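Just below is one structure, and these are the notes that go with it.
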């Protein structure tokens with residue numbers, strides 16, 4: 007039997023007829039589908055074809071001009087969690103930027119500098135004139151929750167939390183639910199696309215609050231990780247590792263990416279990445295051999311290497327730079343004219359050179 011009752015954990019419509027389909031429950035008196043139950047109690051992912059769902063299309067079908075959208079970004083992965091198609095959709099709405107997981111960097115950089123950096127990052131976005139505020143939070147560590155809660159209570163419009171998968175939207179909302187002493191729990195996990203449809207979130211406010219499915223961003227590393235590597239999501243304060251590199255040296259991020267310093271004077275490169283991810287240094291002349299012998303069999307690796315490619319970045323003028331590899335972190339360094347860098351990874355992963363973040 008199919009009903010219009012939704013799973014309290016992921017938002018999918020519950021049904022009792024097909025055990026192998028999304029939303030299955032033995033009885034419609036249950037509040038959580040079989041997938042959410044297994045994820046919550048056993049950390050077991052039931053294998054449904056989630057990637058085939060077009061979450062942007064879902065948001066477009068259920069869009070309202072008077073809604074106030076809370077656009078959640080991961081401070082560790084600003085490029086990998088921005089979605090330009092989503093920003094186009096929201097360009098006529100009120101938008102508040104929620105920068106989550108701030109506990110990863112709050113001991114490394116001043117909060118005001120982060121807000122200034124985010125503001126500059128969005129200066130050329132279609133959303134720029136619609137941004138109401140930028141709020142720094144940590145759903146996991148409860149940083150900034152009181153400020154966010156006071157901000158939510160001041161709003162008049164219905165609020166919709168949107169963003170890419172694994173930005174911590176649902177964890178953040180669960181923390182707000184706990185803060186407001188409400189009885190609800192949204193399913194969270196390290197897997198992509200845990201939330202599958204819009205969920206009404208009970209915060210006891212006069213206006214409605216919704217959680218929405220995280221958009222799978224094909225320009226970030228996460229969709230290309232081997233299945234057993236999904237726990238590579240970063241949850242600890244970043245501890246940068248510094249290498250003083252001369253020209254013609256390479257750093258491997260286990261089986262995920264390579265960073266090669268091709269030409270330039272000896273330079274200190276500061277690697278901000280998951281603390282559990284190991285870096286390996288080798289000569290540029292040894293790069294191809296190391297790749298062949300070690301990368302495809304590394305403990306932390308990509309699903310496959312058919313679309314591995316290398317991209318060149320040249321520094322045009324002196325300055326302090328950060329090189330972002332979406333989903334992997336960034337490398338900060340003092341750049342000099344004529345330096346050349348090469349990054350190897352999956353061809354879809356976005357690589358961006360900007361002024362220094364940290």
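Residue numbers (this note's numbering): 7 to 364. Using N, Cα and C, we set each Cβ at its ideal position, and we do this for glycine too. Everything numeric in this text was worked out from a predicted model, so none of it was measured.
Query                                                                                                              : Result
Per DSSP, the bridge partner or partners of residue 325                                                            : 341
Residue environment, residue 34, which counts as buried when at least 16 other CB atoms sit within 10 Å            : exposed
Among 149, 310, 108 and 287, nearest to residue 240 - alpha-carbon criterion                                       : 108
Cβ contact (3+ pairs, closer than 8 Å) linking the segment 99 to 107 and the segment 125 to 140                    : yes
Start and end residues, beta strand (DSSP E) containing residue 21                                                 : 19 to 21
Those runs of the beta strand (DSSP E) which lie wholly inside the segment 194 to 259 and span at least 3 residues : 205 to 207, 215 to 217, 247 to 251 and 255 to 259
Residue 155 in three-state terms, based on DSSP                                                                    : helix
Rounded Cβ spacing between residue 333 and residue 226 (contact assumed at less than 8 Å)                          : 4 Å
Where the alpha helix (DSSP H) containing residue 300 begins and where it ends                                     : 293 to 300
Supposed contact pair residue 232 and residue 331 - C-beta distance, whole angstroms, cut 8 Å                      : Going by Cβ atoms, the distance from residue 331 to residue 232 rounds to 17 Å, so no, they are not a contact pair.
Best match in 38, 31 and 243 for proximity to residue 205 [C-alpha to C-alpha]                                     : 38
Inter-stretch contact (C-beta, 8 Å, three-pair minimum) for the segment 354 to 363 and the segment 284 to 304      : no
Residues bridged to residue 261 (per DSSP)                                                                         : 307
Pairwise C-alpha distance: residue 80 and residue 113                                                              : 16 Å
Same chain, Cβ closer than 6 Å to residue 296, five either side skipped, listed in chain order                     : 288
Distance between beta carbons of residue 272 and residue 325, contact taken as under 8 Å                           : In fact, because the Cβ distance is near 18 Å, the residues do not count as touching under 8 Å.
Which residues DSSP lists as bridging residue 47, in chain order                                                   : Its beta-bridge partners do not exist; DSSP assigns none.
Of the residues 216, 150, 203 and 201, the one placed nearest residue 185, counting alpha carbons only             : 150
Enclosing beta strand (DSSP E) for residue 288 [first to last residue]                                             : 285 to 289
Of the residues 265, 260 and 243, the one placed nearest residue 249, counting alpha carbons only                  : 265
Residue 327 to residue 63 span [Cα, whole Å]                                                                       : 36 Å
Buried or exposed (CB count within 10 angstroms, at least 16 for buried), residue 212                              : exposed
Rounded straight-line distance, which links the Cα of residue 93 to that of residue 314                            : 29 Å
Closest Cα partner of residue 84 within the set 223, 14, 349 and 16                                                : 223
C-beta contact flag for residue 146 and residue 174 at 8 Å                                                         : yes
Whether residue 15 touches residue 221 by CB criterion (8 Å)                                                       : no
Assigned exposure category for residue 177 - 16 Cβ within 10 Å defines buried                                      : buried
Cutoff 8 Å: residue 128 Cβ touching any chain C Cβ                                                                 : Here there is only one protein chain, and chain C is not present.
C-beta contact flag for residue 281 and residue 242 at 8 Å                                                         : yes
Three-way DSSP call (helix, strand, coil) for residue 346 in this model                                            : strand
From 172, 168 and 215, residue whose alpha carbon lies closest to that of residue 190                              : 215
Residues near residue 340 in its chain [Cβ-Cβ closer than 6 Å; skip 5 each side]                                   : 326
Extent of the continuous beta strand (DSSP E) run through residue 361                                              : 357 to 361
Strand pairing of residue 317, partner residues [DSSP]                                                             : 349
Proximity of residue 283 and residue 259 at Cβ, strictly below 8 Å                                                 : yes
DSSP state of residue 122 mapped onto helix, strand, coil                                                          : helix
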